[in-house]
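Number of protein chains: 2
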Amino acid sequence: MTTNKNEANDYCKNNEEVFLKNFKEFLSIPSISTDSLHQAEIMLAAKWLKNHLTTIGMENVRIIETKRNPIVYGEYLKTGKSKPTILIYGHYDVQPPDPIDEWESDPFQPIENNGKLFARGASDMKGQIMISLAAIESIMQTGDFPVNLKFLFEGEEEIGSPSMRTFLEENKNVLKSDFVLNLDAGMVAADIPTIVYGLRGLAYFEIEIYGPRHDLHSGLFGGIVYNPAQALCEILSKMKDEHGVIQLPGFYDSVLELTNEERQKINALPVTDQDYLKETGSPSLWGEDGYSTLERLGARPTLEINGMTSGYTGEGPKTIIPSKAIAKVSTRLVPNQTPEQVHQQLINFFEIHAPPHVHWQVKLITKDLPCLIDLHFEPTQKYSNALQEVWKKEPVFKREGGSIPIVSDIKTILGIDTVLSGFSLPSDRIHSPNEHIQLEVWKKGIQAIISFFFNF
Amino acid sequence: MTTNKNEANDYCKNNEEVFLKNFKEFLSIPSISTDSLHQAEIMLAAKWLKNHLTTIGMENVRIIETKRNPIVYGEYLKTGKSKPTILIYGHYDVQPPDPIDEWESDPFQPIENNGKLFARGASDMKGQIMISLAAIESIMQTGDFPVNLKFLFEGEEEIGSPSMRTFLEENKNVLKSDFVLNLDAGMVAADIPTIVYGLRGLAYFEIEIYGPRHDLHSGLFGGIVYNPAQALCEILSKMKDEHGVIQLPGFYDSVLELTNEERQKINALPVTDQDYLKETGSPSLWGEDGYSTLERLGARPTLEINGMTSGYTGEGPKTIIPSKAIAKVSTRLVPNQTPEQVHQQLINFFEIHAPPHVHWQVKLITKDLPCLIDLHFEPTQKYSNALQEVWKKEPVFKREGGSIPIVSDIKTILGIDTVLSGFSLPSDRIHSPNEHIQLEVWKKGIQAIISFFFNF
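Here the protein sequences come in this chain order: A and B.
According to my numbering, the stretch in the first sequence is residues -19 to 436, in order.
According to my numbering, the stretch in the second sequence is residues -19 to 436, in order.
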């Protein structure tokens, strides 16, 4: 038996109803990871996936316990060593449906309406998992499989994947692959196939400034002590200059500059400043001089105050000088910055700028490495060709402003790159009431993944 | 019958036990104004005062209703027009006793222990009222009264005197006097008689800065909008320079500079920087260059952040760009600054320094005028002599850092100055559990007030 893409595509088209039935079955399991009350449904979803992988011909399929939610592993290695092994990553857990009152249908009774399938997880990301599995089934049923496969489906993504790093460390050999296919990113719009080739990292800090031992009466003591809220404002205000350039010493030293090719691709994205003004409701856009909005969004590091508090914030006046001031500050990192470097830079910055009249501390509480996949990485190119074949237009390449820690963790621990894409849309309402997926896009997704496998 | 100070003093000494019995009776009424549950006791205290004033020979004594707690008025005008009329101000309401568990005795069952009398209101300020009334009784019982008297005892001081301004406006003629005696201030220490000749005013502002319409994901939108918390920090950080000089345009224009005599008197106060370091627990003292700690405390204007909040301040990381940032900021004013002037200066300052990428507003929510009584004001000099006679040392003259709105309200509405002093000590725990008064100081206080009246 030889492989035949057309036969696989035909099988796919003829079996759409079955695929959809399976998809709905998967969606009807409330595998909510943020609430330990749903532990039984988490296990149910893991078992459902295990069965389905077995049904479509995958081998060595098993559920692996972690400290919290199990990982579903499987593989298909019969194609032989001359062909690459692709590690397919996904997560079978979903966000809670709250606020439940705002749903127009039961979040765990999938309903089709107007070309959309409504259910929690439809887009993020049970729908993406089912795209891969439908593509795999279509090929398995019609000929030889063109590549080797491994599967890594976790149940903890929506709670920050607490078991994942340990699991990767302990299973390096089992997971050994040539690259990862991760469909947990999305498309810019339904008619714009999208590949994410970079992610920003994150370093999140808690800053505390201490002044007097306790809050002081501002009349009896005003004028003789340094106010820690004032000290905090002074220090934070110096972190950026008027051109939006971050002033931590050495902050940009390890930043990889954009290539001309990247700038061209990024600025070709069909999103305008007007779109962002509308979406944010900000009085105006603002940021680092010398870079376009789209460049600043994904390809330049940022530093933002995420929160701060000091003294009295209730109703009416209270005349105190606060004893301390607290801020949460984070940087979005780009290659080749590291959270530890920036932590040290922030400490150095405080040593220079904090007045001697207060005490302070700067703690790094969360960190994710940035990552960047070469635009010319062969699997990315083959994936791009597959998208182009189905959508009949060249995909856009995007650097994402947020972090997807699994991508950098896999790079760091397993040493392999990821093809990061997906078929969810900004309008799919992921994490919100009435989450859905566009069924036309979903079906095109299956065809694209079939093509992708045949490109090797 | 002629007046005789020695006889009055003898009467006082012989009747200490009776005075103390009356004082304890007054203290046993829980006239708490901050809690409407104690309305009956407020009325009880007002009636007690009315009876007591009548008993000691005052005339036209009456309880005057206000929208909330009644005012007790009385007068003694038989001395004749050649002698001044003194308006004696006091408040018969007290703070709540909370936290009640920390009291070592019942706050409304006065107990003597180790030379101190423990009860809520003992020092603030039923004890001060009883000093005047014991002095008056001692003179009334032994001869002609040397001055004319009016009494203004309110029951709303601890809740900000909401009825007082209206009452003053509506009773200008009734209250017409030469000056006020207000014993609601205190002494620096038991052996240091103290006169307060200046009070700072207050202008309290709420500042709001608005950026994006709602909180934004700091990954998806970081780098393209102006963070309102950053804007707030930038603006607030510019309000003072590194010398502690406030940068609002025109802020110092109407500030009355200290005279050499004042600087001498203020710096003679027996309080050191070391004392303030200990009391505040601050790493170091800090303030406006060119002025000593004591000068900065009472005689120079301040500007302090009383509180601020923005974005996420709970546990752990939350990666948002806040949609708004709020601060409470207040200035302590000195003559001849006004709250309205400073409000306008703050608005001007924001117009200069707020970035165009955010919206803002600055609201004045509380205001009190500063005040200053000439060191050579005759009644102040006579009061100083009376203190010196009893304590055998020269009193200290102090400008207080806080505000006592009644003093500036009386100056503004009735047009008269106040002799501001009192016999409470910093260690008396006013507003705290185990409030008490030092009985030796209390008794010396009565003698000083007797002498004061005879000095006219």
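Heads up, the beta-carbon is just placed ideally off N, CA and C, and yes, glycines get one too.
Between the options, which lies nearest to residue i when the distance is taken from Cα to Cα?
i	options	result
residue 321(B)	73(B), 224(B), 284(B) and 235(B)	235(B)
residue 291(B)	173(B), 301(B), 362(B) and 271(B)	301(B)
residue 137(A)	18(A), 200(A), 261(A) and 104(A)	104(A)
residue 110(B)	33(B), 79(B), 81(B) and 125(B)	33(B)
residue 326(A)	11(A), 308(A) and 316(A)	308(A)
residue 167(B)	249(B), 67(B), 385(B) and 75(B)	249(B)
residue 273(B)	247(B), 263(B) and 287(B)	247(B)
residue 83(B)	416(B), 357(B) and 294(B)	416(B)
residue 27(B)	242(B), 377(B), 426(B) and 133(B)	133(B)
residue 378(B)	394(B), 315(B), 278(B) and 122(B)	278(B)
residue 230(B)	316(B), 208(B), 289(B) and 191(B)	316(B)
residue 331(B)	368(B), 218(B) and 198(B)	218(B)
residue 310(B)	226(B), 197(B), 207(B) and 63(B)	226(B)
residue 270(A)	254(A), 258(A), 295(A) and 237(A)	237(A)
residue 382(A)	164(A), 77(A), 240(A) and 60(A)	164(A)
residue -4(B)	239(B), 422(B) and 6(B)	422(B)
residue 425(A)	375(A), 370(A) and 433(A)	370(A)
residue 261(A)	63(B), 86(B) and 206(B)	206(B)
Does the CB of residue i have a neighbour CB from chain A at under 8 Å?
i	result
residue 232(B)	no
residue 292(B)	yes
residue 200(B)	yes
residue 182(B)	yes
residue 338(B)	yes
residue 297(B)	yes
residue 193(B)	yes
residue 34(B)	no
residue 383(B)	yes
Could you tell me whether any Cβ in chain B is nearer than 8 Å to the Cβ of residue i?
i	result
residue 273(A)	yes
residue -19(A)	Because residue -19(A) sits at a pLDDT of 49, beneath the cut-off of 50, its placement in the model cannot be relied upon, and the following sentence gives the value as read from the coordinates. No - not a single Cβ of chain B is within 8 Å of the one on residue -19(A).
residue 268(A)	yes
residue 17(A)	no
residue 37(A)	no
residue 277(A)	yes
residue 285(A)	yes
residue 187(A)	no
residue 178(A)	no
Given that residue i touches chain B, what residues does it touch there, using C-beta distances under 9 Å?
i	result
residue 288(A)	209, 212, 213, 288, 289, 290, 291, 293, 302 and 305
residue 345(A)	296 and 297
Count the other C-beta atoms from every protein chain shown that fall within 10 angstroms of the C-beta of residue i, then say buried if there are 16 or more, exposed otherwise.
i	result
residue 399(A)	buried
residue 171(A)	exposed
residue 142(A)	exposed
residue 183(B)	buried
residue 18(A)	buried
residue 42(A)	exposed
residue 341(B)	exposed
residue 194(A)	exposed
residue 233(A)	exposed
residue 20(B)	exposed
residue 197(A)	exposed
Quick check on residue i: does DSSP put it in helix, strand or coil?
i	result
residue 436(B)	coil
residue 167(A)	coil
residue -19(B)	Model confidence at residue -19(B) stands at a pLDDT of 49, short of 50, so the residue's coordinates are unreliable; what they give is reported in the following sentence. If DSSP states are grouped into helix, strand and coil, residue -19(B) belongs with coil.
residue 145(B)	helix
residue 6(B)	helix
residue 193(A)	coil
residue 290(B)	strand
residue 220(A)	strand
Could you list which residues in chain A have their beta carbon closer than 8 Å to that of residue i, in chain order?
i	result
residue 282(B)	198, 202 and 203
residue 243(B)	Those do not exist, as residue 243(B) stays about 15 Å from chain A at its closest Cβ, beyond 8 Å.
residue 260(B)	192, 193, 196, 201, 204 and 205
Residues of chain A with CB closer than 9 Å to the CB of residue i, please, in chain order.
i	result
residue 265(B)	204, 205, 206 and 337
residue 310(B)	198, 202, 297 and 299
Could you work out which residues of chain A lie near residue i, taking near to mean beta carbons separated by less than 7 Å?
i	result
residue 256(B)	204
Please list, in chain order, the chain B residues whose beta carbon lies closer than 7 Å to that of residue i.
i	result
residue 223(A)	Per Cβ cutoff of 7 Å: no residues; residue 223(A) is ~12 Å from chain B at best.
Quick one: which chain B residues come within Cβ less than 8 Å of residue i?
i	result
residue 220(A)	210
Give me the chain E residues within the contact set of residue i, using Cβ-Cβ distance strictly less than 9 Å, ordered along the chain.
i	result
residue 174(A)	Here chain E cannot be found, since the structure's protein chains are A and B.
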